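Since the structure comes first, as structure tokens, the remarks are kept for the end.
Protein chains in written order, with the UniProt record's numbering: chain L, 1 to 221; chain U, 1 to 221.
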């Protein structure tokens with residue numbers, strides 16, 4: 001049985017969940033209090049991070065490596081285009097979201113507001129929250145600019161880059177930190193990806209102590 | 001003409017330089033004071049980071065995406081194995097070094113000791129340096145454990161994972177922050193990779209104000 005050790009509001013776990021769901025790979029989700037770094041968990045992943053995927057008796061970690069692997073062993077539907085130049089653009093944007101967006105936005109908003117409380121690290125630092133709220137505007141504008149030229153973020157087909165971006169934005173939307181009125185292109189794009197069957201489980205997530213806003217699961221937000 | 005905008009002591013730039021050199025792609029190196037975020041540089045890469053590779057009139061950023069692209073368009077010598085499971089392991093280890101090692105070691109040692117001075121951000125924070133010096137031991141032990149079972153980090157062939165690791169370690173070795181006596185496997189592995197022709201340019205790097213120690217370029221260190 002395929003098992004994913006995860007937390008609901010991790011963009012990296014969500015990227016893997018979306019990939020598994022698009023590929024129609026059934027998975028049992030197991031919530032992992034990774035911050036406690038239990039010896040059992042560290043045996044599963046010495047890096048001490050989620051997601052960890054148990055797949056055909058191997059334990060896989062690092063979300064990008066997992067998603068690329070799943071795309072190679074389950075090529076349909078493809079999450080990467082064919083040409084090396086187009087594949088480059090998918091990987092560039094995955095890094096953009098998982099590195100730059102993560103560092104500038106997700107860490108400053110989600111980790112300050114939610115993870116600190118969940119892991120007993122105290123209160124949000126308002127300076128960081130302010131930085132995150134400022135930086136997300138630039139990122140939404142950049143996405144809007146890309147979507148002016150393309151149907152999906154990395155080109156004319158949906159790819160892993162869309163899942164990487166939607167994974168971050170959906171976590172932030174859970175705490176009402178995305179201004180969907182800022183850019184019509186981005187809102188249209190998110191409406192498209194949000195209505196996919198692969199997104200349903202993510203829209204049903206509930207984190208104790210943090211009820212989602214009503215628009216979170218609404219396809220007409 | 002292929003051009004790489006880089007800084008000499010960036011592990012991400014070095015990973016790309018090693019890949020270019022293994023593939024025998026000639027490149028003109030241009031040092032980029034990326035921290036000044038000049039408008040011209042931000043046009044080349046809106047993420048504001050090095051490396052940026054100008055290749056066949058396209059501007060490519062994000063080191064992992066660049067290296068995967070170069071391996072797809074110049075497949076020889078291959079930097080990835082054939083099987084999806086083996087490819088997964090290469091990507092997992094690239095993320096291990098570029099994310100975990102980078103965050104725990106490179107940022108605490110190299111960025112504190114060198115980048116802060118180069119970019120006018122003051123003096124090293126001794127607490128961070130201490131953390132980095134502590135954490136590198138664990139990483140060297142982990143590498144040693146991997147190399148107990150394999151000839152190279154990700155398996156029996158040299159791959160991009162070896163370049164990712166060697167890129168970080170060579171930057172740290174430039175400031176004498178690697179204890180090569182800690183693990184014989186790691187020392188043997190580094191001796192092998194250090195003696196490759198693709199490594200020569202990196203061993204000739206000189207950063208004004210930071211002369212390298214004599215063992216840095218010595219193949220018999």
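Beta carbons: idealized from backbone N, C-alpha and C, even for Gly. If you're wondering where the values come from, they're calculated on a predicted model, not measured in any experiment.
Assigned secondary structure, residue 195/L (DSSP; H/G/I helix, E/B strand, else coil): coil
9 Å Cβ cutoff, residue 84/L in contact with chain U: yes
Spatially closest choice to residue 213/U from 182/U, 51/U, 172/U, 10/U, by CA coordinates: 172/U
Candidates 112/U, 131/U, 108/U, 2/U, of which the one nearest residue 30/U by Cα: 2/U
Chain U residues whose Cβ lies nearer than 9 Å to that of residue 95/L: 47, 61, 62, 63, 64, 65
8 Å Cβ cut-off: residues of chain L touching residue 54/U: Near residue 54/U there are no residues of chain L at all, since even the closest Cβ is about 14 Å away, more than 8 Å.
Run of the beta strand (DSSP E) containing residue 31/U, from where it starts to where it stops: 28 to 31
Contacts that residue 88/L makes with chain U (C-beta to C-beta distance below 7 Å): 60, 65, 69
Residues sharing a beta bridge with residue 58/L, DSSP: 55/L
Own chain residues within Cβ distance below 8 Å of residue 116/U, not counting five before or after: 122, 123, 124
Chain-ordered neighbours of residue 15/L on chain U, where CB pairs are closer than 7 Å: Under the 7 Å cutoff, chain U gives no residues; its nearest Cβ is about 13 Å from residue 15/L.
Residue from 34/L, 218/L, 74/L whose Cα sits closest to the Cα of residue 203/L: 218/L
Rounded straight-line distance, which links the Cα of residue 71/L to that of residue 57/L: 18 Å
Rounded C-alpha distance that separates residue 112/L from residue 103/U: 19 Å
Buried versus exposed, by CB contacts within 10 Å (16 or more), residue 215/L: exposed
First and last residue of the uninterrupted alpha helix (DSSP H) at residue 139/U: 126 to 149
Sheet register partners of residue 3/L (DSSP bridge): 28/L, 54/L
Backbone CA spacing between residue 74/U and residue 23/U [nearest angstrom]: 7 Å
Any C-beta of chain U under 9 Å from that of residue 40/L: no
Status (buried if at least 16 other CB within 10 Å, exposed otherwise) for residue 145/L: exposed
Candidates 15/U, 83/U, 48/U: closest to residue 193/U by CA position: 15/U
Partner residues on chain U for residue 100/L, Cβ-Cβ distance less than 7 Å: 47
Within 9 Å, strictly: CB atoms of residue 161/U and residue 59/U: no
Beta-carbon neighbours of residue 73/U, restricted to chain L and to distances below 8 Å: 84
Whole-angstrom distance between residue 13/L and residue 66/L, CA atom to CA atom: 10 Å
Identity of the residue in 50/L, 133/L, 141/L, 180/L nearest residue 35/L by Cα: 50/L
Closer than 7 Å at the beta carbon, the chain U residues around residue 92/L: 61, 62, 65
Inter-residue spacing [alpha-carbon to alpha-carbon] between residue 52/L and residue 83/L: 30 Å
Partners in chain U for residue 111/L, counting only beta-carbon separations shorter than 7 Å: Here the premise fails: no neighbours, minimum Cβ distance about 14 Å.
Pick from 18/U, 6/U, 17/U that is closest to residue 48/U, judged by C-alpha positions: 6/U
Check whether residue 141/L and residue 200/L have beta carbons under 9 Å apart: no
Through-space distance from residue 77/L to residue 190/L, alpha-carbon basis: 20 Å
Any chain U beta carbon closer than 9 Å to residue 174/L: no
Within-9 Å CB hit, residue 142/U to chain L: yes
Residue 41/L vs residue 114/L beta-carbon contact at 9 Å: no
Those residues which DSSP pairs with residue 207/L across a bridge: 210/L
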